[in-house]
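Undergrad: Before I ask anything, let me first share the structure, which is written out below as structure tokens.
2 protein chains.
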Amino acid sequence: MDFIKKPQDIEKRSFEIITEELGKTYDDRFVDAIIKRVIHTTADFEYAEIIEIHPDVVKNIINAIKSGCKIYGDTQMVMSGINKRRLAKYGVEVCNFVHDEDVVKEAKELGVTRSMVSIKKACKDENVKIFAIGNAPTAIFALKKLIDEGYAKPNAIIGVPVGFVGAAESKELVKELGVPYIITRGRKGGSPVAATIINAILYQMDE
Amino acid sequence: MDFIKKPQDIEKRSFEIITEELGKTYDDRFVDAIIKRVIHTTADFEYAEIIEIHPDVVKNIINAIKSGCKIYGDTQMVMSGINKRRLAKYGVEVCNFVHDEDVVKEAKELGVTRSMVSIKKACKDENVKIFAIGNAPTAIFALKKLIDEGYAKPNAIIGVPVGFVGAAESKELVKELGVPYIITRGRKGGSPVAATIINAILYQMDE
Chain A
0 MDFIKKPQDI EKRSFEIITE ELGKTYDDRF VDAIIKRVIH TTADFEYAEI IEIHPDVVKN
60 IINAIKSGCK IYGDTQMVMS GINKRRLAKY GVEVCNFVHD EDVVKEAKEL GVTRSMVSIK
120 KACKDENVKI FAIGNAPTAI FALKKLIDEG YAKPNAIIGV PVGFVGAAES KELVKELGVP
180 YIITRGRKGG SPVAATIINA ILYQMDE
Chain B
0 MDFIKKPQDI EKRSFEIITE ELGKTYDDRF VDAIIKRVIH TTADFEYAEI IEIHPDVVKN
60 IINAIKSGCK IYGDTQMVMS GINKRRLAKY GVEVCNFVHD EDVVKEAKEL GVTRSMVSIK
120 KACKDENVKI FAIGNAPTAI FALKKLIDEG YAKPNAIIGV PVGFVGAAES KELVKELGVP
180 YIITRGRKGG SPVAATIINA ILYQMDE
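Residue numbers (numbering that gives the first Met the number 0), protein chains in the order written: chain A, 0 to 206; chain B, 0 to 206.
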């Protein structure tokens, strides 16, 4: 059977196809990398239209990573998707508490999502400077409340929940928090998109 | 702030919206669940057009799960996404070897993807009856070779790699292996799609 076997060749050719079909290269190499890597992950060119990248967000994420921050990921899938070997070079960890016993218990008692309670727990750690929310709109609603009340001051929010109830609204909300952001307008997004955005920035940092 | 906080309400309303916009309910409740849950995961209605479900695949997956089989997932993301608490009820485990030392070493020596070597390792375990491939076309090419040579006899293949190089071709190949399958035609798919398909079946089993 004749097929490309080397991972680096497959990736290189994929990005050539994406650039060709998209018909453009963005001036900022980080923006270019973020948009094309999300298309690479989803095979969905609509992302080029719906990703919004705040002008300060890449700088803030790079600085936070270089300072050895923690990144909050709202699902196991976000955590699995982020390249932790690359992060380890900077002493950066990805954290999440949705499976913690106290979080599960509190969520059940209050009848709210575990992600809401988990994000509250994350805000207690000042070193959590980046929030990568790929799944739960409620995590963003909770984050807004914590920011409004002065409990959270993240350097950057990657807000890309996917879904039909609250997802689109939650992402519009991210833009009003006074924190540099990357979002995907509308329903689309997801944990792999959130992880991919972090990875795109990480790989460019190493170039 | 006024938003739906209860996870079960969010999910219920999401599926109502999906059914409404899709404009249909499929006769087979497993097919209905698979297609709608994939749309739920991706917010992408195109999946209703590109998912192909072999007539025997749901039965085979249910029987394999009830027999306490192992499920091979080709990425950490597939493994994270599958509801392992539900699987545990049947004594089912999800396995994957891409991070195993021997696999990393062999892949590097041969200049091939780790997923190819990992799947070869999975085929040595007869209890691995379901393959859920969400990322790597090369995993499917490797699986084909192992099936052709008589080393693998899976009960079902979920073949939904995403991507621009080899993904579409790999999924057409799945249909020719003589094994009941679920695929997504073309470029789209991914690890969350693979995990979602397993979950959709699991949740229907419990209904």
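Glycine residues also receive a C-beta, built at the ideal position from the N, C-alpha and C atoms.
(1) Could you tell me the alpha carbon to alpha carbon distance between Asn134(B) and Gln75(B), rounded to whole angstroms?
(2) In the structure shown, what three-state DSSP assignment does Ile181(A) receive?
(3) For the segment 35–48 of chain B against the segment 176–188 of chain B, do three or more pairs of beta-carbon atoms, one drawn from each stretch, fall closer than 8 Å, so that the two count as touching?
(4) Would you call the segment 192–203 of chain B in contact with the segment 154–174 of chain B, where contact means no fewer than 3 C-beta pairs closer than 8 Å?
(5) Over what stretch of residues does the alpha helix (DSSP H) that includes Lys23(B) continue unbroken?
(6) If we count the other Cβ atoms within 10 Å of its Cβ and call it buried at 16 or more, is Thr112(A) buried or exposed?
(7) With the cut-off set at 7 Å, would you say Met115(A) and Ala87(A) are in Cβ contact?
(8) If you reduce the DSSP assignment to three classes, tell me which class Lys88(B) lands in.
(9) According to DSSP, Phe130(A) sits in a beta bridge with which residue or residues?
(10) By the criterion of Cβ-Cβ separation under 8 Å, what are the contact partners of Val91(B) in chain E?
(11) Which whole-angstrom value is the C-beta distance of Lys69(A) and Val127(A), which I expect to be below 8 Å?
(12) Kindly give me the distance between the Cβ atoms of Ala203(A) and Phe14(A), rounded to whole angstroms, as I take these residues to be in contact under 8 Å.
(13) Starting from the beta carbon of Ile17(A), find every residue of chain B whose beta carbon is closer than 7 Å, and list them in chain order.
(14) Start and end of the beta strand (DSSP E) containing Ile81(A)?
(15) Would you kindly work out how many angstroms separate the C-alpha atoms of His39(B) and Ala32(B), rounded to a whole number?
(16) Going by C-alpha distance, which of Lys35(B), Cys94(B), Ala138(B) is nearest Ala106(B)?
(17) Grouping DSSP H, G and I as helix and E and B as strand, with all else coil, what is Val173(A)?
(18) Flag Ser117(B) as yes if its beta-carbon sits less than 7 Å from any beta-carbon of chain A, otherwise no.
(19) Would you mind reading off the limits of the beta strand (DSSP E) that contains Glu51(A)?
(20) Val192(A) by DSSP, collapsed to three states: which one?
(21) Measure the Cβ-Cβ separation of Ala131(B) and Gly72(B) and say whether it is below 7 Å.
(22) State the start and end residues of the unbroken alpha helix (DSSP H) segment that holds Asn59(B).
(23) From Phe163(A), Ile64(A), Arg85(A), pick the residue whose C-alpha is nearest to that of Glu19(B); which is it?
(24) Residues in its own chain within less than 6 Å of Met0(A) by CB, not counting five upstream and five downstream?
(25) By the criterion of Cβ-Cβ separation under 7 Å, what are the contact partners of Thr195(A) in chain B?
(26) Quick check: what's the CA-CA separation for Lys174(A) versus Gly188(A)?
(27) Just reading off the alpha helix (DSSP H) that Thr112(A) is part of, what are its end residues?
(28) Put Val77(A) into one of helix, strand or coil per three-state DSSP.
(29) Taking its Cβ as the centre, do 16 or more other Cβ atoms sit within 10 Å of Ser66(B), making it buried, or is it exposed?
TA: Taking the geometry as given:
(1) 10 Å
(2) If DSSP states are grouped into helix, strand and coil, Ile181(A) belongs with the strands.
(3) yes
(4) yes
(5) From DSSP, Lys23(B) is part of no alpha helix (DSSP H); its letter is neither H nor E.
(6) Thr112(A) sits buried, since 16 or more C-beta atoms from the chains shown fall within 10 Å of its C-beta.
(7) Their beta carbons are not under 7 Å apart, which means Met115(A) does not touch Ala87(A) by this criterion.
(8) coil
(9) Tyr71(A), Ile156(A)
(10) Note that chain E does not occur in the displayed structure, where the protein chains are A and B.
(11) 5 Å between Cβ atoms; contact.
(12) Checking the displayed sequence, the identity of residue 203(A) turns out to be Gln instead of Ala. Actually they do not touch by this definition, with Cβ atoms about 13 Å apart.
(13) Per Cβ cutoff of 7 Å: Phe163.
(14) That residue, Ile81(A), is in no beta strand (DSSP E); it is neither H nor E in DSSP.
(15) Note on geometry: alpha-carbon atoms of His39(B) and Ala32(B) lie some 10 Å from one another.
(16) Ala138(B)
(17) helix
(18) no
(19) 50–52
(20) helix
(21) It is a contact, given that the beta carbons lie within the stated cut-off.
(22) Run containing Asn59(B): 56–65, per the alpha helix (DSSP H) assignment.
(23) Phe163(A)
(24) Below a pLDDT of 50, predicted positions are generally treated as unreliable, and Met0(A), at 44, falls in that range; the measurement from the model is reported next regardless. Once the five neighbours on either side are set aside, Met0(A) has no close Cβ partner at all.
(25) Listed by position along chain B, the residues whose Cβ is nearer than 7 Å to that of Thr195(A) form an empty set, because the closest Cβ is around 11 Å away.
(26) 16 Å
(27) Looking at the DSSP string, Thr112(A) is not in any alpha helix (DSSP H), and its letter there is neither H nor E.
(28) helix
(29) exposed
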